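These notes concern the structure reproduced below.
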Amino acid sequence: MRHYRTELWFETKQRRQLINITGQVQEVLRESGIQEGLLLCNAMHITASVFINDDEASLHSDFEEWLEKLAPEKPYDRYRHNGFEDNADAHLKRTIMGREVVIAVTQGKLDLGTWEQIFYGEFDGKRRKRVLVKIIGE
Amino acid sequence: MRHYRTELWFETKQRRQLINITGQVQEVLRESGIQEGLLLCNAMHITASVFINDDEASLHSDFEEWLEKLAPEKPYDRYRHNGFEDNADAHLKRTIMGREVVIAVTQGKLDLGTWEQIFYGEFDGKRRKRVLVKIIGE
Amino acid sequence: MRHYRTELWFETKQRRQLINITGQVQEVLRESGIQEGLLLCNAMHITASVFINDDEASLHSDFEEWLEKLAPEKPYDRYRHNGFEDNADAHLKRTIMGREVVIAVTQGKLDLGTWEQIFYGEFDGKRRKRVLVKIIGE
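Residue numbers (the working numbering), protein chains in the order written: chain A, 1 to 138; chain B, 1 to 138; chain C, 1 to 138.
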């Protein structure tokens, strides 16, 4: 069995931002040389997400509006967690979007459907945060 | 390490439909001959889900009602994504339900709890769509 | 390839309770002797969750309040599932929180970010329920 591990780092300019990381994850897979296996890609922070969806700008603004309705950022004092912090909403938003994706590796490629793109979902940004990619296989 | 890959195809009659695919996934595992490992089962479309829950008809109608409340289909123009398309709600519903499940394979069987059943969750159907099953192990 | 499997059992005193199981999962990994691979940790019940978030009590009460708003326990007759049962809300809450986590194993350790902690999320407790840990690797 072979294994490979790397981290991807991000520092967003906005509090909330969605970044298409499909190309970076493909590059990590290429570096690994693994042809068949499973690839795990997860946020290493509990206020961020790695998820798969469509790379379509108006859908992303629908996501923003929808998440703000399900788990509003403000008023900050609506959450007990927000004493020294102001990011309780980010913990909830990330819960909806998910921590991780597991992707099949087939013939050295990410085995994705036509429109599947991998995103880093930042919900409490403006600081350096990281994503783990771990691949096992042969 | 052994690996096995197949696709399952679905074409639902309704826009939204939940299909129990546990038997089909078990059959794929049997074909693979893998005894110990991990099985990934994911929707290859971004408006569909693979998830695990109970095979109980009234629970499924509760899911339908609940998802319609959290991410209503209509009016279509409530979502920016719905210019040429009308399926923004399906992207959101699938996000709640999840893209994928990872299941342990133990002694050649899906290592599931008593009531765990695997479902294909279609949220924008009436066309051919597919699910990936990838198994690695020995 | 090596593999290892065990179950963790829980019986909560409350209907809903979040239990930090990071130490127990680390102990399972140590027992397995696996140095590099992937670890799956999933609820074997469809009214419970395994998820990763922060071990912070006020955040946990925010989760409780938020889940009760998105999928209220009562009145029981708001859900069709609640004929002989009263736990439809638990199926929905667990869907939001997720069934499983997949964690990288690197140099014999759980490869987690600084604040990542693993939780068992019980939403229909007061009875014995279990979590599966399956590790594959080398």
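Glycine included, every Cβ here is placed at the ideal spot set by N, Cα and C. Computed from a prediction, not measured in an experiment: that's the story for all the values here.
- Taking 8 angstroms as the CB threshold, A104/B lines the interface with chain C.
- When the Cα atoms are used, I103/C and K109/C turn out to be separated by approximately 10 angstroms.
- DSSP lists E122/B as the bridge partner or partners of Q17/B.
- In this chain, the beta strand (DSSP E) harbouring E100/B covers E100 to T106.
- Inter-segment contact for the region 88-97 of chain B and the region 112-124 of chain A is absent: fewer than three beta-carbon pairs are separated by less than 8 angstroms.
- Contact with chain C is absent for K74/A, since none of that chain's Cβ atoms lies less than 8 angstroms from the residue's Cβ.
- Put simply, of R16/A, E100/A, R30/A and T6/A the residue whose alpha carbon is nearest the alpha carbon of H60/A is R16/A.
- Separation of the CB atoms of T6/C and E122/C is rounded to 19 angstroms, and the pair is thereby denied contact status at 8 angstroms.
- DSSP, reduced to helix, strand and coil, places K74/C outside both helices and strands of the structure shown, so it counts as coil.
- A88/A and L70/A have their alpha carbons spaced roughly 13 angstroms apart.
- Note: Q117/C is bridge-paired with N53/C in the DSSP secondary-structure output.
- If you check the CB distance, L39/B and V131/B do not come in under 8 angstroms.
- Under the three-state reduction of DSSP output, T6/C falls in the strand class.
- If you ignore the 5 residues before and after G37/C, its C-beta comes within less than 7 angstroms of the C-beta of V105, I135, I136, G137 and E138, all in its own chain and listed in chain order.
- Leaving aside the five residues that flank R128/A on each side, the residues in its chain whose CB is nearer than 7 angstroms to its CB run, in chain order, W9 and E11.
- Across the structure, G98/B and V50/B are spaced so that their CA atoms are roughly 7 angstroms apart.
- For D54/C, the neighbours in chain A by C-beta distance under 9 angstroms run, in chain order, I46, T47, H81 and H91.
- No Cβ of chain C is located within less than 8 angstroms of the beta carbon of G33/B.
- Below the 9 angstroms Cβ cutoff, chain A contributes no neighbours of L29/C, its closest Cβ being approximately 14 angstroms away.
- Judged by DSSP in its simplified three-state form, R127/A adopts coil rather than helix or strand.
- At a cut-off of 8 angstroms, the C-beta of G121/C has no neighbouring C-beta in chain A.
- Where L39/B is concerned, there is no enclosing alpha helix (DSSP H), although the beta strand (DSSP E) around it starts and stops at G37 to A43.
- Under the 8 angstroms criterion on CB atoms, D111/B is classed as interfacial with respect to chain C.
- By the rule that beta-carbons nearer than 8 angstroms mark a contact, G98/B touches chain A.
- By the criterion of a C-beta distance shorter than 8 angstroms, R80/B is surrounded in its chain by A88, once the five residues flanking it on both sides are discounted.
- Assigned with DSSP and collapsed to three states, L112/A falls in coil, not helix or strand.
- Close to A88/A, with beta-carbon spacing below 7 angstroms, are these residues of chain C in chain order: L59 and D62.
- Each residue's CA atom was taken as its position, placing E73/A and P72/C some 21 angstroms apart.
- Within chain C, the C-beta atoms nearer than 8 angstroms to that of R5/A come from A104, T106 and D111, in chain order.
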